[in-house]
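First to last, the sequence lines map onto chains Y and H.
Numbering (our numbering) for the first sequence: 714 to 1012.
Numbering (our numbering) for the second sequence: 1142 to 1367.
Glycine residues also receive a C-beta, built at the ideal position from the N, C-alpha and C atoms.
Presented below is the structure to which this report refers.
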Amino acid sequence: MCGIIGLYSKTPELESKLGQLACDMLRQMTDRGPDSAGFAIYRDQVEDNQVKVTLRLLDDQADIEPIRSRFADKFGESARVEQNANHAVAVLAADKQSVADWIKSELPECVITSIGSAIEIYKEKGLPGDVIDQFGFEAMAATHALGHTRMATESAVTTEHSHPFSTGLDLCLVHNGSLSNHNQLREKLRKDGVEFQTDNDSEVAAGYLTWQLGRGATLKQALEAALEDLDGFYTFAIGTKKGFAVLRDPIACKPAVIAETDDWVAMSSEYRAIAQLPGSEAAKIWEPEPATIYSWGDD
Amino acid sequence: MNTFDLANESVRQLNQTLHSNQCKDAEIAVINPGGKHSIAVGAMVNCQVNIDGHVGYYCAGMNQQADIVINGNAGPGLAENMMSGTVRVKGNASQYCAATAHGGLLVVEGDAAARCGISMKGIDIVVQGSIGHMSAFMAQTGRLVVFGDAGDALGDSIYEARIYLQGQPKSLGSDCIEKPMNDEHKQELGELLARANSTGVDISNFRRYGSARELYNFKVDNLSAY
């Protein structure tokens, strides 16, 4: 079992409180996933010539300064690297692919959790409330955010196994459910060059979307193909640069609720997360249909 | 009237009250349910419970005798294994409402999601909207009335429950067939609608579905499969 939340602001006024509200929602999902938690936050979009990369430092005690100076050496003095607990966000004036390639080859002490122009992904083992405090999510203003609380059923409890998973530029995936054909699919995708860090089933779903998008599919096309190729149970929430999307498998055992007001769109595994939001009692509330793609924003 | 404010009082306090004779014939208001789980579960005496707001999983499960009204939506597992009494949801109900329920009446004024009435064992269900896929799966006895449409595989592997559907089933499940609407069925449907306080519905628009009884017994023709 896992818990998912997503919150999308329809008004600029809500953006300053979005971190706080998303945290209120995620705390409600602690019972569904006390093992680990993660957030994808969309905020502070960088300039067109810049790229934003979120890194996780493999050594929790690692000193950021040497990493910061190597970024400056490589990408110039304009490179900004800000540490947040054992994660760091780097903003650089460079080409996205070359940044990713350089980090992979030259910074083995870090892994990339997200890359794009607005997205930041943070994740960690532990109770959702503790993870929220560790990264200070409540104080973050954002346009939209996805969150996940994990109760592991298919693989180990580690930070690597935690959600959200990056699926491409400004894209990420959170999953409630379990996939049954992930081993077979992982091998197929590996042969096509998709890299995996773990034996986690949800990472395969993320890798699958990355692979489809890399072949030129739109997000909608990729999700339609996922309905054919992914076997198992899932409610997915997919974060995009401008919004998010929701998809349930055709059997739809895994819960999902969507609610909308003039100020926000929210999704969650359960209504009790949405109940934390202002105006939730009067919101339009519905349960997404099986095998149907719902999306907000322009992606 | 007793009022339970679930913003300050626990669900357990509410439920323990409903398990005791002290609320016999009482009217109980529940406010600020906030989508919490297991609200008004296991009520064992005749009383009226009004819940003002949306509830989470397993509301009104195992209900005996109580009349429970939810002025909102209900999460998964509403009225699961209900024995008697009535449960009425003013909004929508999530998946597997009235699963395995033995008796009483469930009225959903909105839609019910997938697996409505799965393995029902004697309850009567009236859904004034539509129902999702795999509803009345292995339904054993009781009646399911639906004003709207039904999703895929309605009544799959159904036993002796009866389904009255006004709209269209997206597909019928294995061993579920349409059956003639005789006078006794029209009378039965009329009685169910009256119990559910559903007016303005034309009984002649409904069709009846039930078991073809082809899955009940071993067929000697299938011997070669073993």
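Residues that Y/Q810 bridges to, as DSSP identifies them:
In the first sequence, residue 810 of chain Y corresponds to position 97, counting from 1. In DSSP, Y/Q810 forms no bridge with anything.
Quick check on Y/E941 - is its C-beta less than 7 Å from some C-beta in chain H?
Reading the first sequence from its first residue, position 228 is the one you call residue 941 of chain Y. Output row for Y/E941: interface = no.
Backbone secondary structure at Y/M738 - three-state DSSP
Here residue 738 of chain Y refers to the residue found at position 25 when the first sequence is read from its first residue. Three-state result, Y/M738: helix.
Using CA atoms only, rank isn't needed, just tell me which of Y/T953, Y/L960, Y/G952 is closest to Y/E941.
Position 228 of the first sequence, counted from the first residue, corresponds to residue 941 of chain Y. Answer by Cα proximity: Y/L960.
Reduced DSSP secondary structure (H/G/I, E/B, other) of Y/F909
Taking the first residue of the first sequence as position 1, residue 909 of chain Y is located at position 196. It is coil, neither helix nor strand.
Unbroken stretches of the beta strand (DSSP E), 3 residues or longer, contained in the segment 855 to 883 of chain Y:
857 to 863, 878 to 881
Going by DSSP, name the residue or residues bridged to H/N1191.
On the second sequence, position 50 is the one that residue 1191 of chain H refers to. According to DSSP, H/N1191 bridges with H/A1170, H/V1210.
Contacting residues, own chain, Cβ-Cβ under 6 Å from Y/C736 (five flanking each side not counted)
One-based indexing of the first sequence puts residue 736 of chain Y at position 23. Result list for Y/C736: I845, F850, E851, in chain order.
Alpha-carbon to alpha-carbon, Y/P1003 and Y/D962
Here residue 962 of chain Y is taken as the residue at index 249 of the first sequence, counted from 1. Here residue 1003 of chain Y is taken as the residue at index 290 of the first sequence, counted from 1. Taking the straight line joining both Cα atoms gives about 6 Å.
Helix, strand or coil for Y/I770 per DSSP?
Translated into positions along the first sequence, residue 770 of chain Y becomes position 57. At residue 770 of chain Y the sequence reads Leu, which differs from the Ile that was named. Y/L770 falls in the strand class under three-state DSSP.
Is the shortest distance between the beta-carbon of Y/R985 and the beta-carbons of chain H less than 7 Å?
Taking the first sequence and counting its residues from 1, one reaches residue 985 of chain Y at position 272. Yes, because at least one Cβ of chain H sits closer than 7 Å to the Cβ of Y/R985.
Please work out which residues of its chain come closer than 7 Å, Cβ to Cβ, to Y/L720, disregarding the five sequence neighbours upstream and downstream, and give them in chain order.
By 1-based counting over the first sequence, the position of residue 720 of chain Y is 7. Contacts found: L731, L734, A735, M738, H857, A858, W977, A979.
With a cut-off of 8 Å on the beta carbons, I'd call H/E1250 and H/V1228 a contact; round off their distance for me.
Indexing the second sequence from 1 puts residue 1250 of chain H at position 109. Indexing the second sequence from 1 puts residue 1228 of chain H at position 87. Not quite, the Cβ-Cβ distance comes to about 11 Å (not below 8 Å), so this is no contact.
Express the C-alpha separation of Y/H874 and Y/L882 in angstroms, rounding to a whole number.
Within the first sequence, the letter at position 169 stands for residue 882 of chain Y. Within the first sequence, the letter at position 161 stands for residue 874 of chain Y. The straight-line gap from Cα to Cα measures roughly 20 Å.
When Cβ atoms are compared, which residues of the segment 1243 to 1255 of chain H fall closer than 9 Å to chain Y?
D1252, A1254, A1255
Based on the DSSP output, what are the partners of Y/W977 in its beta bridges?
Taking the first residue of the first sequence as 1, we reach residue 977 of chain Y at position 264. For Y/W977, which the question treats as bridged, DSSP gives the partners Y/S722.
Same chain, Cβ closer than 6 Å to H/A1254, neighbours up to 5 away in sequence not counted
Position 113 of the second sequence holds residue 1254 of chain H. Taken in chain order, the residues that qualify are S1235, Q1236, G1273.
Whole angstroms are fine: how far does the CA of H/G1194 sit from the CA of Y/A919?
The residue labelled residue 919 of chain Y in the question sits at position 206 within the first sequence. The residue labelled residue 1194 of chain H in the question sits at position 53 within the second sequence. Distance between the alpha carbons of Y/A919 and H/G1194 is about 36 Å.
CB contact flag (H/T1282, H/G1296, <7 Å):
Residue 1282 of chain H sits at position 141 when you count from the first residue of the second sequence. Residue 1296 of chain H sits at position 155 when you count from the first residue of the second sequence. Cβ distance not < 7 Å, so H/T1282 and H/G1296 don't count as in contact.
Under 7 Å from the C-beta of H/P1310: neighbouring residues of chain Y
Here residue 1310 of chain H is taken as the residue at index 169 of the second sequence, counted from 1. None at all; the shortest Cβ gap to chain Y is about 16 Å.
Give the straight-line distance between the Cα atoms of H/Y1367 and Y/K838, rounded to the nearest whole angstrom.
Mapped onto the second sequence, residue 1367 of chain H falls at position 226. Mapped onto the first sequence, residue 838 of chain Y falls at position 125. Answer to the nearest angstrom: the Cα atoms are 50 Å apart.
Classify Y/T948: buried if its beta carbon has 16 or more other beta carbons within 10 angstroms, exposed otherwise.
Within the first sequence, residue 948 of chain Y is the residue found at index 235, counting from 1. With 16 or more Cβ atoms within 10 Å of its Cβ, Y/T948 is classed as buried.
Give me the chain Y residues within the contact set of H/G1175, using Cβ-Cβ distance strictly less than 7 Å, ordered along the chain.
Along the second sequence, read from residue 1 onward, the residue named residue 1175 of chain H stands at position 34. Those within 7 Å of H/G1175 in chain Y are R985, A988.
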